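Chains as they are written, first to last, in this note's numbering: chain E, 1 to 333; chain W, 1 to 333. Quick reminder that beta carbons are idealized off the backbone N, C-alpha and C, glycines included. Being a predicted model, the structure only gives us computed values, none of them experimental. One structure is given below, encoded as C-alpha cells.
Number of protein chains: 2
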Amino acid sequence: MMTTSARGHCSKDQKVAIGVDVGGTKILVGYVTEDGHVMESRQYSMDRTSQLSALHSIDEAIDHFLQLFGGGPNAEGIGIGLVGHIDPEAGVWKHAINIPIHEPVHLAEKMGERYGLPVTLDNDVRCATRAELLYGAGQEFKHFIYLNLGTGISMGIVSDGRLVRGAANYAGELGHMSVNTMGPRCSCGRVGCMETIASGGGMIHRAIDLLSSYPQSTLNQYTSHLQTDRIFIEALQGDILATRIRNEALEALQISLTNVVNLLNPEVIIVGGGVSRDKTIVEDLEAYLRKTALPAAANALVRVEQSNLDVGRVGLLGAATLVWGGGLNGTYR
Amino acid sequence: MMTTSARGHCSKDQKVAIGVDVGGTKILVGYVTEDGHVMESRQYSMDRTSQLSALHSIDEAIDHFLQLFGGGPNAEGIGIGLVGHIDPEAGVWKHAINIPIHEPVHLAEKMGERYGLPVTLDNDVRCATRAELLYGAGQEFKHFIYLNLGTGISMGIVSDGRLVRGAANYAGELGHMSVNTMGPRCSCGRVGCMETIASGGGMIHRAIDLLSSYPQSTLNQYTSHLQTDRIFIEALQGDILATRIRNEALEALQISLTNVVNLLNPEVIIVGGGVSRDKTIVEDLEAYLRKTALPAAANALVRVEQSNLDVGRVGLLGAATLVWGGGLNGTYR
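Printed below as a string of C-alpha cells:
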C-alpha cells in the first residue's frame with residue numbers, strides 16, 4: 001500500500017487541486033490552482049497492454065508526482081479525466097476502448113483510499129469542456145459547443161452555463177453522427193459516420209486505403225507513420241489524394257456542424273484537439289455555417305474559433321476543476 | 001379598446017391560467033388548472049392573410065373566450081404558445097412563416113395591457129415539451145426528447161429536468177438535420193433535410209411529385225387533398241408509392257434519431273404531433289434505435305413512445321404552464 005501523502009503545505013491562500021489527465025498513450029499529473037494556473041506538472045507513459053497495467057500506470061504516475069512534489073501545496077482533492085464512459089456520480093470508470101477497460105473500475109473509491117483525498121472522475125472531453133466553461137469560452141458565453149477534433153471526434157455541450165451530460169453521461173458522440181447514406185462503414189456498424197471521414201484516425205485510415213489508387217501521391221512516402229498534419233501540408237501543396245481527404249473531412253464537418261447548430265443553437269463553437277491546429281479548417285467551417293445554418297441559428301452564432309487554452313493542458317485543467325465546488329454540471333461560478 | 005376583464009371569481013383553491021395555443025389554422029383558448037386539468041376551452045379560426053389579420057384573430061379569440069367565461073375562475077395570467085421564433089424573455093414574437101409574422105411583435109406587452117394580466121410567450125413545440133415536463137414524461141424522466149412529427153419536424157430537449165433552449169430560444173430544429181447528401185433540396189437551401197422526407201408536409205409533397213411515375217398508385221385519387229394518414233393506410237394495403245414514401249420517411253427518422261440519441265443520450269423519446277398517430281412508426285423507430293445507437297446510449301434509452309397527453313390539447317396545456325413559477329427553463333417542480 002502506497003503511503004505517500006498528498007497533503008503538503010500551501011504557501012498561499014489559493015485553493016489547489018491535483019489534476020490527472022489519462023490518455024491512450026500518456027498520463028499528465030499536475031497541481032492546478034483554482035484560478036486555472038498549472039503550478040507543476042509531469043508527464044508519464046501509459047502501459048495499455050491490459051486493464052491491470054493501465055490502472056497500475058495511473059497509480060505509478062500519481063505516486064511519482066507526489067514523491068517529487070508531495071511536500072508542496074495542500075491539495076483539496078484529485079480530479080481525474082479519463083477516456084471512455086464514466087459514471088461521475090458513482091466514481092466508476094465503466095468502459096473504454098483505446099485503453100482496454102472491459103470491467104467497471106471503482107476508481108474514485110480506490111484512489112480515495114490510496115491517497116486520503118476526495119477523488120472525482122469524468123470523461124476527458126467533458127473535462128476539457130469544464131476547462132472552457134471556467135477558464136475559456138464560458139467566461140463570455142452561456143451556450144457553447146466544445147468540439148474535440150482529435151484521433152476521434154466528440155463534443156461537449158453547454159446550455160445556459162451547464163453541461164449537458166445525458167442520461168448516462170454519454171452525450172456528445174458527434175463522431176457517430178451519420179451524414180452520408182453512401183459513406184464508409186464505421187466500426188459502430190452504421191455508414192457515413194463523421195468519425196470515419198473527419199477524425200484524425202479516420203483521415204489516416206482513408207488515406208492508406210486509397211493510396212493504391214493514387215500512386216503519384218506524396219503520401220505514399222509516409223504509409224506507416226502518416227499523420228494528419230502531413231495530410232494538411234500535402235493538401236496545401238496540391239497533392240490530389242491529400243486534397244481529397246482534407247476536402248471530404250471538411251465537408252463532413254460542415255454538414256454535421258450545421259446539423260448541430262440547427263439542433264442546439266450555440267453562441268460559439270470552440271474547436272480543440274490535435275486536428276484543430278489547422279486553422280483553415282476552423283475558418284472554412286465558420287464561413288460555411290454562416291451561409292448554411294438556419295438564419296436565426298446562424299445569426300446567434302457569434303463565432304467558431306480555436307480554443308485559447310493550451311491544447312496539451314486543457315484536459316489537466318478540466319480534471320482539476322472536478323475537485324472544486326459547483327457540482328458535476330459545471331455551474332461552478 | 002377591449003375592456004372585458006379576465007379576473008372573475010375562483011370557486012376553488014386551485015391556481016388557474018389562461019392558455020392560448022396559436023397554430024397556423026386555429027387558435028385554442030382555455031382555462032387550465034395548475035395540476036393540468038383543462039376546465040373550459042374553445043377553438044377559434046386563424047385568419048393568416050396578413051400579420052395584422054393574424055394578430056386580430058388572436059385578440060378576437062381571447063375576447064370571445066372571456067366574454068363566455070370571464071365570470072369564471074380568477075386567472076393568474078395568460079400563457080401563449082406560438083409557431084415560429086419567440087423571445088420569451090422579451091415577450092416578442094420575432095418571426096414566423098406559417099403565419100406571416102415578418103415584423104417582430106411585442107405581444108406580451110400588448111396583451112398584458114389589453115387584459116390586465118401578466119402574459120408570457122413561447123414557441124409551440126417548447127410549450128408541448130413543458131407540458132411533457134410537468135404532466136407527462138417529465139414526471140418520470142429527467143433527460144428526454146419531445147419529438148414533434150407534424151406538418152414540420154422539430155423537437156424539445158430536456159436535460160437534467162431543464163429545457164435546452166439555445167442562445168436564441170431556437171434549439172431543436174431537427175427538421176433541418178441533413179442525413180443524405182443525395183437527398184431532395186430543402187427550402188432552407190441544403191439537401192437531404194429530414195423535413196423534406198419525413199414531415200407530413202414533406203411526405204405529401206414527395207408523393208405528389210412522384211405520382212406521374214406511379215400511374216397505378218391509389219394515391220392518384222387524392223392529389224389535391226392528400227393527407228399523411230392516407231399515405232400510411234395505402235402503404236399498409238401494399239400501394240407501391242405509398243410504401244416508398246413511408247419507408248423513406250422511416251429511414252430518415254431512423255438515421256436522424258440515432259444521431260440524436262448518440263448526441264444527447266436521452267432516457268426517453270416522446271413522439272407527438274399528427275404523424276405520431278401511426279403507432280408502427282414509433283415501434284419501428286424504437287427497434288431500430290436499440291440495434292443501431294452506440295451501446296451505452298442504446299442501453300440508457302428506456303423507451304420510445306407516443307405521448308400520453310392529448311395531441312389536441314398538449315399545446316394549450318404547455319402554454320398555460322408559462323404562467324406558473326419555475327421560470328422559463330421549466331424547472332418548475
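The ligand COA heavy atom lying under 8 Å from the CB of residue i
| i | result |
| --- | --- |
| Tyr288 of chain W | By its list of ligands, the structure shown contains no ligand whatsoever, and the ligand COA lies outside what it can speak to. |
Close-in-space but distant-in-sequence residues of the same chain around residue i (CB under 6 Å, 5 per side omitted)
| i | result |
| --- | --- |
| Val119 of chain W | Ile78, Ala108, Met111 and Gly112 |
| Pro215 of chain E | none |
| Gly165 of chain E | Note that residue 165 of chain E is Arg in the sequence shown, not Gly. Correct list, in chain order: Ala171. |
| Thr196 of chain W | Pro184, Cys186 and Gly202 |
| Ala54 of chain E | Arg48 and Ile99 |
| Thr321 of chain W | Arg130 and Leu134 |
| Leu147 of chain E | Met155, Ile269 and Val271 |
| Val323 of chain W | Ala17, Glu76, Gly77 and Gly79 |
Within chain W, partners of residue i - CB distance below 9 Å
| i | result |
| --- | --- |
| Tyr115 of chain E | Going along chain W, no residue has its Cβ under 9 Å from Tyr115 of chain E, so there is no contact; the nearest lies around 29 Å. |
| Thr258 of chain E | His176, Met177, Ser178 and Arg190 |
| Ile58 of chain E | Residues of chain W passing the Cβ test: none, with the nearest at roughly 22 Å. |
Neighbouring residues, chain E, relative to residue i (Cβ below 9 Å)
| i | result |
| --- | --- |
| Gly172 of chain W | Asn262, Leu263, Leu264 and Asn265 |
| Ala90 of chain W | Within chain E, no residue comes near Ala90 of chain W; the closest Cβ sits about 14 Å away, beyond 9 Å. |
| Ala128 of chain W | Going along chain E, no residue has its Cβ under 9 Å from Ala128 of chain W, so there is no contact; the nearest lies around 17 Å. |
| Ile97 of chain W | Those do not exist, as Ile97 of chain W stays about 11 Å from chain E at its closest Cβ, beyond 9 Å. |
Sequence-distant residues of the same chain with beta carbon closer than 7 Å to residue i, five excluded per side
| i | result |
| --- | --- |
| Thr223 of chain W | Ile208 and Leu211 |
| Thr4 of chain W | In this prediction, Thr4 of chain W scores a pLDDT of 38, lower than 50, which makes its location untrustworthy; the coordinate-derived value is nonetheless stated afterwards. Contacts found: Asp63, Leu66, Gln67 and Gly70. |
| Gln306 of chain W | Val271, Ser276, Lys279 and Val282 |
| Ala319 of chain W | Gly19, Val20, Asp21, Gly79, Ile80, Gly81 and Cys127 |
| Arg313 of chain E | Val38 |
| Phe232 of chain E | Arg246 and Asp278 |
| Gly200 of chain E | Gly150, Thr151, Thr228, Gly274 and Val275 |
| Ala316 of chain W | Note that residue 316 of chain W is Leu in the sequence shown here, rather than Ala. Cβ within range, chain order: Gly19, Asp21, Leu28, Gly30, Val32, Val38 and Ser41. |
| Asp87 of chain E | Lys94 and Asn169 |
| Arg303 of chain E | Val268 and Glu286 |
For residue j and residue i, believed in contact at Cβ under 8 Å, the rounded distance
| i | j | result |
| --- | --- | --- |
| Asp239 of chain W | Thr218 of chain W | 5 Å |
| Gly273 of chain E | Gly91 of chain E | The pair is not a contact, with the Cβ atoms about 26 Å apart (cut-off 8 Å). |
| Gly72 of chain W | Tyr135 of chain W | About 22 Å separates the two Cβ atoms, so there is no contact after all. |
| Asp124 of chain W | Val83 of chain W | 5 Å |
| Ala137 of chain E | Val268 of chain E | 5 Å |
| Ser154 of chain W | Glu173 of chain W | 6 Å |
Of the residues the options, the one placed nearest residue i, counting alpha carbons only
| i | options | result |
| --- | --- | --- |
| Ser187 of chain W | E:Gly273, E:Ser178, E:Thr292 and E:Pro266 | E:Thr292 |
| Arg290 of chain E | E:Asn265, E:Lys15, E:Leu236 and E:Asp310 | E:Asn265 |
| Thr181 of chain E | W:Ile255, W:Leu301 and W:Gly200 | W:Ile255 |
| Tyr44 of chain W | W:Glu34, W:Gly36, W:Leu52 and W:Thr25 | W:Thr25 |
| Leu263 of chain E | E:Ala300, E:Glu248 and E:Arg244 | E:Ala300 |
| Ala252 of chain W | E:Leu236, E:Asn148 and E:Met177 | E:Met177 |
| Gly161 of chain W | W:Leu133, W:His102, W:Glu267 and W:Ala167 | W:Leu133 |
| Glu34 of chain W | W:Gln14, W:Ile153 and W:Leu294 | W:Gln14 |
| Val105 of chain E | E:Thr321, E:Lys142 and E:His56 | E:His56 |
| Arg230 of chain E | E:Asn148, E:Val302, E:Ile204 and E:Val158 | E:Ile204 |
| Asn308 of chain W | W:Pro295, W:Thr129 and W:Met46 | W:Thr129 |
| Thr243 of chain E | E:Val261, E:His225, E:Val260 and E:Arg206 | E:Arg206 |
| Ala198 of chain W | W:Gly175, W:Ser213, W:Lys142 and W:Val16 | W:Gly175 |
Residue i: contacting residues in chain E (beta-carbon distance under 7 Å)
| i | result |
| --- | --- |
| Ser276 of chain W | Those do not exist, as Ser276 of chain W stays about 20 Å from chain E at its closest Cβ, beyond 7 Å. |
| His85 of chain W | Ala296 |
| Ile269 of chain W | Within chain E, no residue comes near Ile269 of chain W; the closest Cβ sits about 12 Å away, beyond 7 Å. |
| Ile197 of chain W | Result: empty, since nearest Cβ-Cβ is about 11 Å, beyond 7 Å. |
Which residues DSSP lists as bridging residue i, in chain order
| i | result |
| --- | --- |
| Glu40 of chain W | W:Tyr31 |
| Tyr170 of chain W | Tyr170 of chain W pairs with nothing; no bridge assigned. |
| Asp122 of chain E | E:Gly81 |
| His95 of chain W | W:His85 |
| Met182 of chain W | Its beta-bridge partners do not exist; DSSP assigns none. |
| Gly19 of chain E | E:Gly30 and E:Gly79 |
| Leu147 of chain W | W:Met155 and W:Val271 |
| Arg162 of chain W | W:Ser159 |
| Glu195 of chain W | BP columns for Glu195 of chain W are empty, so no partner. |
| Gln306 of chain E | E:Val271 |
Within chain W, the residues that residue i reaches when beta carbons sit closer than 7 Å
| i | result |
| --- | --- |
| His176 of chain E | Asn262 and Leu294 |
| His143 of chain E | Gly166 and Ala167 |
| Ser159 of chain E | Ser159 and Val164 |
| Ile233 of chain E | Result: empty, since nearest Cβ-Cβ is about 27 Å, beyond 7 Å. |
Within chain W, partners of residue i - CB distance below 8 Å
| i | result |
| --- | --- |
| Asn180 of chain E | Asn180 and Thr181 |
| Ala297 of chain E | Gly166, Ala168, Tyr170 and Glu173 |
8 Å Cβ shell around residue i - same chain, five flanking residues per side excluded
| i | result |
| --- | --- |
| Ser50 of chain E | Pro100 |
| Ala6 of chain E | Reliability fails at Ala6 of chain E, whose pLDDT of 42 lies under 50, so the model's placement of it is uncertain and the value that follows must be treated cautiously. Closer than 8 Å at Cβ, skipping near neighbours: Ile18, Leu66, Gly70, Ala75, Ile78, Tyr115, Gly116 and Leu117. |
| Val191 of chain E | Ser178, Asn180, Thr181, Met182, Gly183, Pro184 and Arg185 |
Chain-ordered chain E contacts of residue i [CB-CB under 8 Å]
| i | result |
| --- | --- |
| Ala300 of chain W | Gly166, Ala167, Ala168 and Tyr170 |
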